[in-house]
Amino acid sequence: MNLQRVDLNLLVNLDVLLREKNVTRAAEQLGITQPAMSNILRRLRKLFNDPLLVRSSEGMTPTERALELQPRVREILAELTQLLEPRTEFRPYSTSRVFRIMTSDYAEATLVPRLVKALRSEAPNVILDFLTPSDVSYRDMEQGRVDLAINRFNEIPQSFHQVLVWRDTFSCLLSADSPYAQRFNLKNYLKAQHVWVSKTGMGVGFGVNPDKSGGLGSIDQALQRLGQKRQISVFTRHYQMPAMLAANKDLIATLPTRVARMQATNDSIVLKEPPFFIPEFELTMAWSPLLQHHPAHRWLRQLIMHVARQVVADEEAKEDDIPMISHLF
Numbered sequence: 001m002n003l004q005r006v007d008l009n010l011l012v013n014l015d016v017l018l019r020e021k022n023v024t025r026a027a028e029q030l031g032i033t034q035p036a037m038s039n040i041l042r043r044l045r046k047l048f049n050d051p052l053l054v055r056s057s058e059g060m061t062p063t064e065r066a067l068e069l070q071p072r073v074r075e076i077l078a079e080l081t082q083l084l085e086p087r088t089e090f091r092p093y094s095t096s097r098v099f100r101i102m103t104s105d106y107a108e109a110t111l112v113p114r115l116v117k118a119l120r121s122e123a124p125n126v127i128l129d130f131l132t133p134s135d136v137s138y139r140d141m142e143q144g145r146v147d148l149a150i151n152r153f154n155e156i157p158q159s160f161h162q163v164l165v166w167r168d169t170f171s172c173l174l175s176a177d178s179p180y181a182q183r184f185n186l187k188n189y190l191k192a193q194h195v196w197v198s199k200t201g202m203g204v205g206f207g208v209n210p211d212k213s214g215g216l217g218s219i220d221q222a223l224q225r226l227g228q229k230r231q232i233s234v235f236t237r238h239y240q241m242p243a244m245l246a247a248n249k250d251l252i253a254t255l256p257t258r259v260a261r262m263q264a265t266n267d268s269i270v271l272k273e274p275p276f277f278i279p280e281f282e283l284t285m286a287w288s289p290l291l292q293h294h295p296a297h298r299w300l301r302q303l304i305m306h307v308a309r310q311v312v313a314d315e316e317a318k319e320d321d322i323p324m325i326s327h328l329f
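Read left to right, the sequence shown gives residues 1 to 329 (full-length UniProt numbering).
Structure, rendered in structure tokens:
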């Protein structure tokens, strides 16, 4: 193929078409007419010798060839964007850039306060716009409208870049006056009423179904593997609530250890190791390939990872000062 005869703008058009899976919406995104977009699709089909998008009961469905092309086209466009951007030195202290970051409530509680503190000295004029998982879609991230997502992901598009921030385990908070505090075993854990707290993934949440314990997360999945099920009385998406709720003598909150340690700040609440095995989880930072090489974005990612490493190092340094988690009975 003679590359001199190929219009590279077709790659931009292909990227939008495969993202929208709709000729009309793709035309609106590109600011052209629907007939013009249909003509572009015809040219793309001829160029790749493949229909790329075919009509189905669910609308336009990408072919196998289109699915193979999509991540590669994204990477090529990202590289071209970097190549054509003017080379300017990024100066954190003087920038007033707005960074939009999607964070789970867990990340906001454990990582964000330290990040904001670091930014006040490193880049005091930076503006941070924190969004919840319900505010953001993968499409928003893919198009670079959101700089970063920091969350626990069950799955994430292959085209995204990602890095492990840290791993965490689970702990239990309960009242010091709880009838289960002195003998905290699986039998008593199952006797108690529980607080469920979580909000992960992307998109709008519509509530939970207490009868489907397998869909409630890693804690209930771990119990399900034992053939057990806990009695959940309160469902919340906010990590600020469990300690207050656990002050009730009959309630137990099982939540990530970093949050539990932050909330077990007085003698009325005790911290316990779960009386059964729950796999640890990963907090991950993800971003669009469009932003991979942007100097400001790269600086922010490096700062976040530096702060995360500090959080982990400080915890390890203070380990001897943290009250020992009770052993299993």
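We treat Cβ as the ideally placed atom computed from N, Cα and C, and that holds for glycine.
Starting from the C-beta of residue i, find all residues in its chain whose C-beta is less than 7 Å away, skip the five residues before and the five after it, and write them out in chain order.
i: D267; result: A176
i: V204; result: Residue confidence for V204 is low, a pLDDT of 48 falling below 50, so the modelled location carries little weight; the figure read from the coordinates is stated next. Counting only Cβ-Cβ distances below 7 Å, and skipping sequence neighbours, we find S134.
i: V98; result: I127 and D129
i: P71; result: Q158 and S159
Is it right to say residue i is buried, meaning 16 or more other beta carbons lie within 10 angstroms of its own, or is it exposed?
i: I219; result: buried
i: N151; result: buried
i: A192; result: buried
i: D15; result: buried
i: R43; result: exposed
i: D79; result: Looking at the sequence shown, residue 79 is not Asp but Glu. Counting Cβ neighbours within 10 Å, E79 comes out exposed, since fewer than 16 surround it.
i: D105; result: buried
i: G217; result: buried
i: Q224; result: exposed
i: T24; result: exposed
Which of helix, strand or coil does DSSP assign to residue i?
i: F206; result: The predicted position of F206 is uncertain, since its pLDDT is 45 and thus under 50; no value can be drawn from it.
i: P62; result: strand
i: R238; result: A small fix is needed here, since residue 238 is His in this sequence, not Arg. Here H238 sits in coil by DSSP.
i: T132; result: coil
i: R167; result: strand
i: I32; result: coil
i: A286; result: strand
i: T254; result: strand
i: H297; result: helix
i: Q310; result: helix
i: N151; result: strand
i: R96; result: It should be pointed out that residue 96 corresponds to Ser in this sequence rather than to Arg. Note: S96 maps to coil in three-state DSSP.
Kindly list the residues whose CB is nearer than 8 Å to the CB of residue i, restricted to its own chain and excluding five residues on each side of it in sequence; keep chain order.
i: A66; result: L18, D50, L52 and L53
i: E262; result: Looking at the sequence shown, residue 262 is not Glu but Met. Only A109 and T110 meet the Cβ criterion.
i: H306; result: A118
How about residue i and residue j: are their beta carbons less than 9 Å apart?
i: A260; j: P275; result: no
i: V12; j: L77; result: yes
i: W287; j: H161; result: yes
i: I229; j: L190; result: The sequence given here has Lys at residue 229, not Ile. Yes, they are a contact pair.
i: T61; j: R55; result: yes
Near residue i, what residues of its chain come up, given a Cβ to Cβ distance below 6 Å and the 5 sequence neighbours on each side ignored?
i: F48; result: none
Practice task
Say whether the segment 169-187 touches the segment 293-313, bearing in mind that this needs 3 or more beta-carbon pairs closer than 8 Å, one atom from each stretch.
Solution key: no
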